[in-house]
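*Asks:* Under the working numbering, the first residue of the first sequence carries the number 29, and numbering increases by one thereafter.
For glycine and all other residues, C-beta sits at the position ideal for the given N, C-alpha and C.
As the structure is a prediction and not an experimental result, all values here were calculated from the model.
Got a structure for you, questions after.
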Amino acid sequence: MAEYNPQSIEAKWQKRWEDARVFETEADPAKPKYYALEMLPYPSGTLHMGHMRNYTIGDVVARVKRMRGFNVIHPMGWDAFGLPAENAAIKNKTHPREWTNNNIAEFQRTLRRFGFSYDWRREISTCEPEYYKWNQWFFLRMLEKGLAYRKKSRVNWCPKCCTVLANEQVINGGYCWRHEDTLVEVREIEQWFLKTTAYADQLLDDLKQLEGGWPDRVITMQRNWIGKSQGAKVKFAVADVPGLDPIEVFTTRIDTIFGATALILAPNHPYVAKLLETSPVRHHGAAMLARLKKSSVKAEDIATAEKQGFFTGRHVTNPFNGEKMPIWVGNFVLMEYGTGAIMAVPAHDSRDFEFCKKYNLPIRVVVQPLNGEALDGATMAEPFEEHGQGKLVNSGPYNGLSPDEAIAKMGADAEAKGFGKRETIFRLRDWGISRQRYWGTPIPVIYCEKDGLVPVPDKDLPVVLPPNPKLTGEGESPLASTPEFVNTTCPKCGGPARRETDTMDTFVDSSWYFYRYCDPHNAGAPFDSAKIGYWFPIDQYIGGITHAILHLLYSRFWCKVMRDLGLVTHDEPIKRLFTQGMVLKGGTAMSKSKGNVVGAYEMAEKFGADTGRLYTLFAAPPEKDLEWSEESIEGAWRFLNRVFRVVDRHAEALRGISPRKYDAASLNEKEKALLRKAHQTLRRVTSDFETRWHFNSAIALVMELTNEIYAAEPLEDSVRPEVRGEVLELLTLMLAPMTPHLSEELWEMLGHTEGLWKSSWPTYNEEFARENEVEIPVQVNGRVRGRLKIAAGAKEDAVVGMAQGDSAIAPHLANKRLVKKIYVPDKLLNLVVA
RNA sequence: GCCCGGGUGGCGGAAUGGCAGACGCUUAGGACUUAAAAUCCUGCGGGGAUUUUUCCUCAUGUGGGUUCGACUCCCACCCCGGGCACCA
29 MAEYNPQSIE AKWQKRWEDA RVFETEADPA KPKYYALEML PYPSGTLHMG HMRNYTIGDV
89 VARVKRMRGF NVIHPMGWDA FGLPAENAAI KNKTHPREWT NNNIAEFQRT LRRFGFSYDW
149 RREISTCEPE YYKWNQWFFL RMLEKGLAYR KKSRVNWCPK CCTVLANEQV INGGYCWRHE
209 DTLVEVREIE QWFLKTTAYA DQLLDDLKQL EGGWPDRVIT MQRNWIGKSQ GAKVKFAVAD
269 VPGLDPIEVF TTRIDTIFGA TALILAPNHP YVAKLLETSP VRHHGAAMLA RLKKSSVKAE
329 DIATAEKQGF FTGRHVTNPF NGEKMPIWVG NFVLMEYGTG AIMAVPAHDS RDFEFCKKYN
389 LPIRVVVQPL NGEALDGATM AEPFEEHGQG KLVNSGPYNG LSPDEAIAKM GADAEAKGFG
449 KRETIFRLRD WGISRQRYWG TPIPVIYCEK DGLVPVPDKD LPVVLPPNPK LTGEGESPLA
509 STPEFVNTTC PKCGGPARRE TDTMDTFVDS SWYFYRYCDP HNAGAPFDSA KIGYWFPIDQ
569 YIGGITHAIL HLLYSRFWCK VMRDLGLVTH DEPIKRLFTQ GMVLKGGTAM SKSKGNVVGA
629 YEMAEKFGAD TGRLYTLFAA PPEKDLEWSE ESIEGAWRFL NRVFRVVDRH AEALRGISPR
689 KYDAASLNEK EKALLRKAHQ TLRRVTSDFE TRWHFNSAIA LVMELTNEIY AAEPLEDSVR
749 PEVRGEVLEL LTLMLAPMTP HLSEELWEML GHTEGLWKSS WPTYNEEFAR ENEVEIPVQV
809 NGRVRGRLKI AAGAKEDAVV GMAQGDSAIA PHLANKRLVK KIYVPDKLLN LVVA
């Protein structure tokens, strides 16, 4: 009697897989390909079971596809740049590279311990120059195409650290994370941007290609994020400051323009200073402006802040009716959206309503509801915003039109008269990639006093990070205080010049890494397009919902840029996306800071990787959150022991039997029953793997089969070895994608000399799976009143006759008229009586 | 505020218009054992009747609807989770 020892079994098979290079793949146009990918980890701390769930799901998919005959690429790598490495380095007085590489080593050890079927030759680490060189190369291509540019932008600035803070470092509604008594300021500095907005339309339209393959909610989140909005830009001439160009506003409701009672500018609108310069209220205005500007740039804070503003003392003229309106400045108007200026229509917009109420600006109704209610601006308690349910009033020649008619007509009129233009704008903004940090990809440009901005020539790539930066967490970018990095010569004139000291957002690294996997060591190009042509698109991408917007949007953007550079031919990089649920402990996601992590390596040491893999697949469907339970994992452990024991029990008798042939006609009832259960299980497990991804119910089915084998014991005297062998082999193969090490071991115990990894997914035998006799419920008026054992495929009349003669059912039919019979063959009979 | 998910025993969950609670955990009992662990077997939603067998009844967040039949489809509401959020 052998015992299930996962430690030795797992080590043994991992070694054999590695020696046989089982998971190494090359592009081969003769074979159908499958690209299975899990989001690459950020190597920080230790891998816990939350991470492992992601990789386990991906590994099952990869292994099933491999058994199905696909040429499967399944790579892994490291998202190795990032702020935590820099912070840890400051804290521990080490180098970010050392900290990162230690973590990578630890991560790799754990992933290998779980036996994931990665092609490790394709491993990449984004902090290596051989990788980030291509970030720089792509950046230069975008610079050439005008897709990369510099502009002033607002950042969070801590006056004590003298440094830029990431949004996550602004805490308690506007304070520095290191100086909790210090208010964060908003500063404007020059930063690099990538023009994602140039692809706004395509990013939106191509979402259609993803329908069916991506979760609906991710598509919706992306659609909302891109935020397409159709409206019009209208110019309002400044009435009382000569020589100024008109102020342009964006509105989706040009139909309400006769109800505009003010024009409101964003605090950082360029006109604010010009209007105030000579204004009678300039002193008050300047003080108010300073106050408005000194608030956090965090989105949540802006959204919840009270509306505030002030009158500039100046006016504009409404081009539609010639009316003079005051110009205000309001904190709720965003410079980043539209034109940074709005027309306030308090009667028909809730934000304008709130603002105008507060500052006693007039409210004028210009759309009356169709329900006959007569709204009055002076008394209305809330604005009337509904589209398509009103008609225009107080709007001169447009009175009587519906809002939709008015939008069309007034837009056209504004264009004809030259003071407006119908336009579509997007919420999506250009991607700010500048980070004033050390541990990232240096942006490859040089500033020369004579030649200005000069891109680093391709031949000088990569621009490598200096090895010994001064990391303090204070002051400006660490690269700026590293003279040997900053000081260089101009590639054009050879004169003295300075390097750009910002590094790139780490989302750049993860926007195209999955392409590099296909050609990871190419020194002359980011990748060979022919290889991409074979492997792409990604057939299945698996990761957390947290990346539903940014990472996936940037990846889609990158793909389109590469397509337009002629590097790839597809529009979308990812065909199917799956977002798995989180692993919780004590109700919250596992995280180091909460101290509720279950370390993956320790888990494998205690129960074995196969038990850990099986449990995470069994405890919940993959898309739902999973509450970790130490008791339940023992159930998974028990089950694998049960499987091991039953195979061990019969292995001796089966070893010599080959080939496993038997005469189907000679099968006894017990053999037939076992084969039936095995093939029925196979049928349903196959469908759970292929179409539904219900790994939890697939495992339940395999458990049922195991229970049935146990219940049929002893098998020795009544079930011939050939049949026992078939049933146990099916059991082994069905488990193989989930518990690969144990399955290999069982396969060997069953007498196979070749590894299970060479086996295909088994095909179920329709004949064996078929039931001869089925038990069906019989309902009377929808209530179950009895059960009948019938021959499979029995005719309706025969079944109804049996039901009428059944002692349990007959009393419910007595003295009633049979009105209707519903018979679902082999499923159910429902008799309706009155 | 808007947009997605979700609500089923003590717990995780199963059932994609056809026997609600598969499978597992927990737990109770039994077998084996000097004993324990492990293992194997059995029971386990609530209420009622029947006292060995079984039968009835209630039950999938709440209230309606469609249907012979609803956890499943439709309408309204409540609660929980997530995302976006002064986007003009």
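Leaving out five residues before and five after residue 801 in sequence, what residues of the same chain have Cβ atoms less than 8 angstroms from its Cβ?
*Replies:* Taking the first sequence and counting its residues from 1, one reaches residue 801 at position 773. Counting only Cβ-Cβ distances below 8 angstroms, and skipping sequence neighbours, we find 817, 818, 819, 820.
*Asks:* On a Cα-Cα basis, can you pick out the residue from 787, 772, 754 that is closest to residue 796?
*Replies:* Position 768 of the first sequence holds residue 796. Checking every option, the nearest Cα to that of residue 796 belongs to 754.
*Asks:* So residue 342 packs on residue 277, CB below 8 angstroms; how close in whole Å?
*Replies:* The count along the first sequence starts at 1 and reaches residue 342 at position 314. The count along the first sequence starts at 1 and reaches residue 277 at position 249. So it is not a contact: roughly 15 angstroms between Cβ atoms.
*Asks:* If you drop the 5 nearest sequence neighbours on each side, which residues of the same chain put their C-beta closer than 8 angstroms to that of residue 482?
*Replies:* Position 454 of the first sequence, counted from the first residue, corresponds to residue 482. The answer, listed in chain order, is 473, 474, 475, 476, 518, 519, 520, 525.
*Asks:* Compute the beta-carbon to beta-carbon distance between residue 770 and residue 638, rounded to the nearest angstrom, for a pair I have assumed lies under 8 angstroms.
*Replies:* One-based indexing of the first sequence puts residue 770 at position 742. One-based indexing of the first sequence puts residue 638 at position 610. Residue 770 to residue 638, Cβ: 5 angstroms. Contact.
*Asks:* Could you give the distance in angstroms between the alpha-carbon of residue 516 and the alpha-carbon of residue 530?
*Replies:* Locating residue 516 in the first sequence gives position 488, where the first residue counts as 1. Locating residue 530 in the first sequence gives position 502, where the first residue counts as 1. Distance between the alpha carbons of residue 516 and residue 530: 15 angstroms.
*Asks:* Indicate whether residue 77 and residue 631 have their beta-carbon atoms separated by less than 8 angstroms.
*Replies:* Looking up residue 77 in the first sequence gives position 49. Looking up residue 631 in the first sequence gives position 603. Their beta carbons are under 8 angstroms apart, which means residue 77 touches residue 631 by this criterion.
*Asks:* Report the three-state DSSP secondary structure of residue 708 (helix, strand or coil).
*Replies:* By one-based count along the first sequence, residue 708 stands at place 680. Here residue 708 sits in helix by DSSP.
*Asks:* Decide if residue 620 is buried, meaning its Cβ has at least 16 other Cβ atoms within 10 Å, or exposed.
*Replies:* Mapped onto the first sequence, residue 620 falls at position 592. Exposed is the call here.
*Asks:* Distance check for residue 225 and residue 434, CA to CA, integer angstroms please.
*Replies:* For the purposes of this step, residue 434 is identified with residue 406 of the first sequence, where counting begins at 1. For the purposes of this step, residue 225 is identified with residue 197 of the first sequence, where counting begins at 1. Cα to Cα, residue 434 sits roughly 29 angstroms from residue 225.
*Asks:* With a cut-off of 8 angstroms on the beta carbons, I'd call residue 758 and residue 790 a contact; round off their distance for me.
*Replies:* Here residue 758 corresponds to residue number 730 of the first sequence, with the count starting at 1. Here residue 790 corresponds to residue number 762 of the first sequence, with the count starting at 1. Rounded, the Cβ-Cβ distance is 6 angstroms, consistent with contact.
*Asks:* Within the continuous beta strand (DSSP E) that includes residue 387, where are the two ends?
*Replies:* Residue 387 sits at position 359 when you count from the first residue of the first sequence. Premise fails: residue 387 is in no beta strand (DSSP E) and is neither H nor E.
*Asks:* Count the other C-beta atoms from every protein chain shown that fall within 10 angstroms of the C-beta of residue 296, then say buried if there are 16 or more, exposed otherwise.
*Replies:* Counted from its first residue, the first sequence places residue 296 at position 268. Residue 296 should be labelled buried.
*Asks:* Helix, strand or coil for residue 466, going by three-state DSSP, please let me know.
*Replies:* Within the first sequence, the letter at position 438 stands for residue 466. Here residue 466 sits in coil by DSSP.
*Asks:* Determine the direct distance from the alpha carbon of residue 714 to that of residue 589, and round the result to whole angstroms.
*Replies:* By 1-based counting over the first sequence, the position of residue 589 is 561. By 1-based counting over the first sequence, the position of residue 714 is 686. Taking the straight line joining both Cα atoms gives about 39 angstroms.
*Asks:* With residue 336 as the anchor, note down where its alpha helix (DSSP H) starts and where it stops.
*Replies:* The residue you call residue 336 lines up with position 308 of the first sequence. Note, residue 336: premise wrong, no alpha helix (DSSP H); not H, not E.
*Asks:* Do residue 287 and residue 392 have their beta-carbon atoms positioned less than 8 angstroms apart in this structure?
*Replies:* Locating residue 392 in the first sequence gives position 364, counting from the first residue. Locating residue 287 in the first sequence gives position 259, counting from the first residue. For residue 392 and residue 287, yes; Cβs fall inside 8 angstroms.
*Asks:* For residue 263, which option in 303, 346, 247 has the closest C-alpha, if you only look at C-alpha atoms?
*Replies:* Within the first sequence, numbered from 1, the residue matching residue 263 stands at position 235. The candidate whose alpha carbon is nearest that of residue 263 is 346.
*Asks:* What span of residues does the alpha helix (DSSP H) with residue 677 cover, start to end?
*Replies:* Here residue 677 refers to the residue found at position 649 when the first sequence is read from its first residue. 658-682 is the extent of the alpha helix (DSSP H) around residue 677.
*Asks:* Can you tell me which residues form a DSSP beta bridge with residue 284?
*Replies:* Here residue 284 refers to the residue found at position 256 when the first sequence is read from its first residue. Answer is none; residue 284 lacks a bridge partner.
*Asks:* Does the Cβ-Cβ distance between residue 217 and residue 181 come in under 8 angstroms?
*Replies:* Here residue 217 is taken as the residue at index 189 of the first sequence, counted from 1. Here residue 181 is taken as the residue at index 153 of the first sequence, counted from 1. Cβ distance < 8 angstroms, so residue 217 and residue 181 count as in contact.
*Asks:* Under 8 angstroms, do residue 397 and residue 418 count as touching if we go by C-beta distance?
*Replies:* Stepping through the first sequence from its first residue, residue 397 is reached at position 369. Stepping through the first sequence from its first residue, residue 418 is reached at position 390. Cβ atoms of residue 397 and residue 418: closer than 8 angstroms.
*Asks:* Would you identify the three-state DSSP class for residue 786, choosing helix, strand or coil?
*Replies:* Indexing the first sequence from 1 puts residue 786 at position 758. DSSP places residue 786 in helix when its eight states are reduced to three.
*Asks:* Between which two residues does the alpha helix (DSSP H) containing residue 516 stretch?
*Replies:* Here residue 516 corresponds to residue number 488 of the first sequence, with the count starting at 1. Taken as a continuous stretch (DSSP letters only), residue 516 belongs to no alpha helix (DSSP H), being part of the beta strand (DSSP E) at 515-517.
*Asks:* Going straight from the alpha carbon of residue 676 to that of residue 569, what length do you get?
*Replies:* If you number the first sequence from 1, residue 676 lands on position 648. If you number the first sequence from 1, residue 569 lands on position 541. One C-alpha to the other measures close to 38 angstroms.
*Asks:* Within the continuous alpha helix (DSSP H) that includes residue 231, where are the two ends?
*Replies:* Within the first sequence, numbered from 1, the residue matching residue 231 stands at position 203. First-last of the alpha helix (DSSP H) with residue 231: 228-233.
*Asks:* Could you name the residues of the same chain whose beta carbon sits closer than 6 angstroms to that of residue 144, not counting the 5 residues immediately before and after it, in chain order?
*Replies:* Reading the first sequence from its first residue, position 116 is the one you call residue 144. Closer than 6 angstroms at Cβ, skipping near neighbours: 83, 87.
*Asks:* In angstroms, rounded to a whole number, what distance separates the CA positions of residue 122 and residue 109?
*Replies:* Position 94 of the first sequence holds residue 122. Position 81 of the first sequence holds residue 109. Their Cα atoms are separated by approximately 15 angstroms.
*Asks:* Determine the direct distance from the alpha carbon of residue 855 to that of residue 256, and round the result to whole angstroms.
*Replies:* Looking up residue 256 in the first sequence gives position 228. Looking up residue 855 in the first sequence gives position 827. Looking at the two C-alpha atoms, the distance is approximately 50 angstroms.
*Asks:* Does DSSP put residue 142 in a helix, a strand or coil?
*Replies:* Within the first sequence, residue 142 is the residue found at index 114, counting from 1. Three-state DSSP puts residue 142 in coil, outside helix and strand.
*Asks:* If you count every other CB in all the chains shown that lies within 10 Å of the CB of residue 464, and 16 or more means buried, which is it?
*Replies:* As a working mapping, residue 464 is identified with position 436 in the first sequence. Buried, since its Cβ has 16 or more Cβ neighbours within 10 Å.
*Asks:* Distance check for residue 227 and residue 443, CA to CA, integer angstroms please.
*Replies:* Counting from one through the first sequence, the residue named residue 443 turns up at place 415. Counting from one through the first sequence, the residue named residue 227 turns up at place 199. Roughly 26 angstroms between the two C-alpha positions.
*Asks:* Candidates 511, 636, 721: which alpha carbon is nearest residue 497's?
*Replies:* Numbered from its first residue, the first sequence carries residue 497 at position 469. Among 511, 636, 721, the Cα nearest to that of residue 497 is on 511.
*Asks:* Return the chain-ordered list of same chain residues with a C-beta closer than 7 angstroms to the C-beta of residue 51, the five sequence neighbours on each side being excluded.
*Replies:* Locating residue 51 in the first sequence gives position 23, where the first residue counts as 1. So the list reads 45, 102, 145, 146, 147, once near-sequence residues are dropped.
*Asks:* In this structure, does DSSP put residue 832 in helix, strand or coil?
*Replies:* For this step, residue 832 is matched to residue 804 along the first sequence. It is helical.
*Asks:* Sorted by chain position, which residues of the same chain lie with C-beta nearer than 6 angstroms to residue 653's C-beta, five sequence neighbours on each side aside?
*Replies:* Translated into positions along the first sequence, residue 653 becomes position 625. Once the five neighbours on either side are set aside, the close Cβ partners of residue 653 are 609, 610, 612.
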